[in-house]
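What follows is one structure encoded as structure tokens, with my remarks underneath.
Protein chains: 2
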Amino acid sequence: MSESGERVTLDEVAKVSGVSTAAVSRALNGREGVSADVRERIRAVAASLGYRPNRAARSLASGRSGVLGLVLPTGLNHDDTYSGRMVHAVATAAAAHDQALMVWAGTVRPEGPVRDLLSTGLVDGIIVTAVGFGEPWIEELLDGAAAVVLVGRHPKRTEALWVGVDDAGGTAALVDHLVSTGRRRIGVITGPLERVDAADRYAAFVSAVGRHGLAFDDTLVAHGDYSIASGYAATRSLLPAEPDAIVAGNDHMAVGALRALREVAKRVPEDVAVAGFDDAAVATEVEPSLTTVRQDLDAVGRLAVEHLLRRIDGQPAPDRPLVVPSPLLVRASTGGRSPRPS
Amino acid sequence: MSESGERVTLDEVAKVSGVSTAAVSRALNGREGVSADVRERIRAVAASLGYRPNRAARSLASGRSGVLGLVLPTGLNHDDTYSGRMVHAVATAAAAHDQALMVWAGTVRPEGPVRDLLSTGLVDGIIVTAVGFGEPWIEELLDGAAAVVLVGRHPKRTEALWVGVDDAGGTAALVDHLVSTGRRRIGVITGPLERVDAADRYAAFVSAVGRHGLAFDDTLVAHGDYSIASGYAATRSLLPAEPDAIVAGNDHMAVGALRALREVAKRVPEDVAVAGFDDAAVATEVEPSLTTVRQDLDAVGRLAVEHLLRRIDGQPAPDRPLVVPSPLLVRASTGGRSPRPS
DNA sequence: AGCGGAGCTGGAAGCGCTTGCGTATCGGGG
DNA sequence: CCCCGATACGCAAGCGCTTCCAGCTCCGCT
Chain A
1 MSESGERVTL DEVAKVSGVS TAAVSRALNG REGVSADVRE RIRAVAASLG YRPNRAARSL
61 ASGRSGVLGL VLPTGLNHDD TYSGRMVHAV ATAAAAHDQA LMVWAGTVRP EGPVRDLLST
121 GLVDGIIVTA VGFGEPWIEE LLDGAAAVVL VGRHPKRTEA LWVGVDDAGG TAALVDHLVS
181 TGRRRIGVIT GPLERVDAAD RYAAFVSAVG RHGLAFDDTL VAHGDYSIAS GYAATRSLLP
241 AEPDAIVAGN DHMAVGALRA LREVAKRVPE DVAVAGFDDA AVATEVEPSL TTVRQDLDAV
301 GRLAVEHLLR RIDGQPAPDR PLVVPSPLLV RASTGGRSPR PS
Chain B
343 MSESGERVTL DEVAKVSGVS TAAVSRALNG REGVSADVRE RIRAVAASLG YRPNRAARSL
403 ASGRSGVLGL VLPTGLNHDD TYSGRMVHAV ATAAAAHDQA LMVWAGTVRP EGPVRDLLST
463 GLVDGIIVTA VGFGEPWIEE LLDGAAAVVL VGRHPKRTEA LWVGVDDAGG TAALVDHLVS
523 TGRRRIGVIT GPLERVDAAD RYAAFVSAVG RHGLAFDDTL VAHGDYSIAS GYAATRSLLP
583 AEPDAIVAGN DHMAVGALRA LREVAKRVPE DVAVAGFDDA AVATEVEPSL TTVRQDLDAV
643 GRLAVEHLLR RIDGQPAPDR PLVVPSPLLV RASTGGRSPR PS
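This is the structure we're talking about:
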């Protein structure tokens, strides 16, 4: 098979096969203009020589690098699994399309790499996870000719293509479920509202509560930052309002809520129902298990990659965002049984 | 400043500056052979034109891509923050050295990308997180001329350069602490022993317990898989042996242990001390807060990048692994006070 | 038998950058 | 004043691949 050290070039394959480099290139890339038998011969030779195309050269010549970029949120909560799950999802999807994945994380200097991302030909297109939106370079990117797909809605640039989970639909389903199981005083713990997903979930909550004509005032609203500790603190501040249910912006905060409720000897779900959002691993590991909304990041990653590739190929963007369904998962923390589907 | 659309090439910068492309290249890359004033003029022109070098071309010409590769473990536990933290750490470290980061995660087909990783010039070197060791292609990689740095000890290839946390030292310090606070029947919950870190921690535990001449037998050993649920189950199986302390292979399992102990009304730390490993975010969010060993992944990432770059530059590998210190953090779950430093 | 066209194939021109080598320029010592 | 070494800079040859274009072969048609 392949010699481990030396690199085999196109020329060598051509020489051994007795054809031109042009033919080899066409054959190996599946382009037409090569007869079937020659193509096979070339492929056999390439395989036996262990030929691997040099990406840099290919990229230079073709203008395409076969690499996708992924920009991760900046100030990430360290116990958040979002980052890791997203990398996995996108990396897997990219690999399925034979693309490599380049990742930027941590501090992204505006003057630095970002501007270069596409202009240097390092990547063909780029996926920006929206969690840390608001940074000006994102809009700059959007304004360029670059192929960009956002994960999550951008607060201002509504025309930009994005894919994401159904924050609104999931939250609405959650509230419907609570109401249908008899809850009337539903408290809410929001995530950090400068984040679009947190704001969207909160807005959907408010609208759902209004739709049901429920009691709702400031004393039933508390703010957190997606951490367990903030969920705990928020819940304590909610207790005077005597909620019979608490909807947390994510599962971590719901875990904090459970802890706070246990401390004051409130039973879950008998006295207070608790629900989260994400379907993080912890949701099934706490007692009682958490009712939550599944956030299917694998699907998000897959969609993002597919549409990015489509953009790169010059196809028009779809005219509306790509929202993956976010099903409600009813577990013990809200009573365990879903309402009859009547 | 820069025109957003069109790409500026070296030639244009040269033309505008009135010098040759060679001079521009040297000036911009800080190589000698250009006088100071010319260098400044060129830099000014490049800046005003918004010139960005084309990485593919540079890579082709120089044989260096300025990109580092990172291979993440395959079958990752989804609630594990390891992956995300590692990506962050390495990406940040790489950016500090002006290197881009390419990531492979999920299923790595042996036939596929891995073989190509270096032979195609896509990356200059590669960091393999060892967690999923045992796969044959890693050894294949090690056998090649490639620049590779392992994160974590490789079970077989002891000669391979690796960086990692101090599993042994941290565990030893933990056991010493427990013994010095009066614990005598110390139970252990191991991680998945096919993973080197889990095995190393277990071995260190056994040796430390032996060093102190403590009671130790099979009934004080239980096995888990790093998940909360497995820590819970393992703890239940440990209870008949009446341990006065439990050392879990990571913080998640320790959390499971806390839950199990609470169920049987054992007080922590009065009846049983509990300790973890990692200093995950959850360690300070549970009640009581967890004594644990900090795993400084940022330091690991930084070291890995630095040494990889050194390898790429052809410098010899250090003759021993690069282990970052893993300090013991004493918290409430083992009694809250560390032993006197007497 | 002659001719047009379709399908293959090779030659060669780059893609944008780095770098070895040669030339020009300058300064200082003999 | 000349010679030599050091320094600054330009020329041009690639790096390995893709792709345009032209030439060729071979077939089917009239």
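Listed in order, the protein sequences are those of chains A and B.
Residue numbers 1 to 342, in our numbering, belong to the letters of the first sequence in order.
Residue numbers 343 to 684, in our numbering, belong to the letters of the second sequence in order.
Glycine residues also receive a C-beta, built at the ideal position from the N, C-alpha and C atoms.
Chain-ordered neighbours of residue i on chain A, where CB pairs are closer than 8 Å
i, result
"B/Val429", "Leu72, Ser83, Gly84, Val87, Val103, Ala105"
"B/Ala607", "Within chain A, no residue comes near B/Ala607; the closest Cβ sits about 15 Å away, beyond 8 Å."
Sheet register partners of residue i (DSSP bridge)
i, result
"B/His594", "DSSP, once it has assigned bridges, lists no residue as partnering B/His594."
"B/Leu670", "B/Val635"
"B/Ala442", "B/Val409"
"A/Asp278", "A/Arg294"
"B/Ala615", "B/Ala587"
"A/His344", "Missing from the structure shown is residue 344 of chain A; chain A here goes from 1 to 342 and no further."
"B/His565", "B/Thr532"
"A/Leu150", "A/Val128, A/Trp162"
"B/Leu352", "In the DSSP output, where bridge partners are listed per residue, B/Leu352 has none listed."
"A/Leu322", "A/Val163"
Residue from the options with nearest C-alpha to residue i
i, options, result
"A/Val318", "A/Val179, A/Glu159, A/Asp296", "The sequence as given places Pro at residue 318 of chain A; Val does not occur at that position. Nearest of A/Val179, A/Glu159, A/Asp296 to A/Pro318, Cα basis: A/Glu159."
"A/Arg259", "B/Pro630, B/Ala364, B/Lys608, B/Ser425", "B/Pro630"
"B/Ala545", "B/Gly573, B/Gly566, B/Asp509", "B/Asp509"
"A/Leu161", "A/Ala94, A/Ile127, A/Gly69, A/Ser207", "A/Ile127"
"A/Ala335", "A/Asp244, A/Arg58, A/Gly301", "At residue 335 of chain A the sequence reads Gly, which differs from the Ala that was named. Comparing Cα positions, the closest option is A/Asp244."
"A/Val324", "A/His177, A/Val90, A/Val300", "A/Val300"
"A/Arg64", "A/Ile228, A/Ala146, A/Leu122, A/Leu214", "A/Leu122"
"A/Asp124", "A/Ala283, A/Ile312, A/Pro316", "A/Ile312"
"A/Ala356", "A/Arg320, A/Thr219, A/Thr171", "In the structure as shown, chain A starts at 1 and stops at 342, and residue 356 of chain A therefore has no counterpart that could be examined."
"A/Ala233", "A/Ala215, A/Glu242, A/Leu261", "A/Leu261"
"B/Asp621", "B/Phe547, B/Pro582, B/Glu584, B/Pro669", "B/Pro669"
"B/Ala487", "B/Ser390, B/Asn371, B/Pro658", "B/Pro658"
"A/Ala265", "A/Val293, A/Ala281, A/Arg236", "A/Arg236"
"B/Val647", "B/Val505, B/Gly524, B/Val628", "B/Val505"
"A/Asp218", "A/Ala241, A/Arg201, A/Gly231, A/Ala332", "A/Ala241"
"A/Ala281", "A/Leu70, A/Tyr82, A/Glu263", "A/Tyr82"
"A/Val71", "A/Ser333, A/Glu135, A/Trp104", "A/Trp104"
"B/Arg644", "B/Val432, B/Arg499, B/Thr626", "B/Val432"
Expected contact under 8 Å - CB spacing of residue i and residue j to nearest Å
i, j, result
"B/Thr633", "B/Leu671", "6 Å"
"B/Asp638", "B/Val507", "7 Å"
"A/Ser17", "A/Arg41", "6 Å"
"B/Gly591", "B/Gly533", "4 Å"
"B/Val355", "B/Gly392", "In fact, because the Cβ distance is near 10 Å, the residues do not count as touching under 8 Å."
"B/Val429", "A/Gly84", "7 Å"
"A/Val179", "A/His154", "Rounded, the Cβ-Cβ distance is 32 Å, inconsistent with contact."
"B/Leu410", "B/Leu650", "6 Å"
"B/Met444", "A/Leu101", "7 Å"
"A/His223", "A/Leu174", "Not confirmed; about 18 Å, so no contact."
"B/Ser389", "B/Arg381", "First, the amino acid is wrong: residue 389 of chain B is Ala here, not Ser. Rounded, the Cβ-Cβ distance is 13 Å, inconsistent with contact."
"A/Ala208", "A/Gly231", "That belief does not hold up - the Cβ atoms of A/Ala208 and A/Gly231 are roughly 20 Å apart, past 8 Å."
Within chain A, the residues that residue i reaches when beta carbons sit closer than 9 Å
i, result
"B/Glu627", "Asp79, Ser227, Ile228, Ala229, Tyr232, His252, Val255, Gly256, Arg259"
"B/Pro660", "Within 9 Å Cβ-Cβ: nothing; B/Pro660 doesn't reach chain A, min ~24 Å."
Proximal chain A residues relative to residue i, where beta-carbon distance stays under 7 Å
i, result
"B/Ser401", "Ala56"
"B/Leu516", "Correct list: empty, because the minimum Cβ distance to chain A is about 22 Å."
"B/Ala557", "In chain order: nothing, as chain A lies at least about 31 Å away."
Interface residues of chain B facing residue i [CB-CB closer than 7 Å]
i, result
"A/Ser65", "Ala398"
Cross-chain neighbours of residue i in chain B, by beta carbon under 8 Å
i, result
"A/Ala248", "Those do not exist, as A/Ala248 stays about 14 Å from chain B at its closest Cβ, beyond 8 Å."
"A/Ala348", "No answer is possible for residue 348 of chain A: the residues shown for chain A start at 1 and end at 342."
Contact list for residue i against chain B, beta-carbon separation under 9 Å
i, result
"A/Ala332", "Going along chain B, no residue has its Cβ under 9 Å from A/Ala332, so there is no contact; the nearest lies around 15 Å."
"A/Ala46", "The contacting residues do not exist; A/Ala46 stays about 13 Å from chain B at best."
**Prompt:** Between the segment 605-615 of chain B and the segment 395-402 of chain B, do at least 3 Cβ pairs fall closer than 8 Å?
**Reply:** Too few Cβ pairs lie closer than 8 Å, so no.
**Asked** Counting pairs of beta carbons, one from the segment 168-186 of chain A and one from the segment 135-152 of chain A, are three or more of them closer than 8 Å?
**Response** No, because fewer than three Cβ pairs between the segment 168-186 of chain A and the segment 135-152 of chain A fall closer than 8 Å, the two stretches do not touch.
**Asked** Touch check for the segment 560-570 of chain B and the segment 588-601 of chain B: three-plus C-beta pairs under 8 Å?
**Response** Yes, since at least three Cβ pairs between the segment 560-570 of chain B and the segment 588-601 of chain B fall closer than 8 Å, the two stretches touch.
**Prompt:** Does the count of Cβ pairs from the segment 428-441 of chain B and the segment 89-101 of chain A closer than 8 Å reach three?
**Reply:** In short, these stretches do not touch, since the Cβ pair count stays below three.
**Prompt:** Would the segment 614-628 of chain B and the segment 476-486 of chain B be scored as touching if the rule is three or more Cβ pairs under 8 Å?
**Reply:** By the Cβ test, the segment 614-628 of chain B is not in contact with the segment 476-486 of chain B, since fewer than three Cβ pairs between them sit closer than 8 Å.
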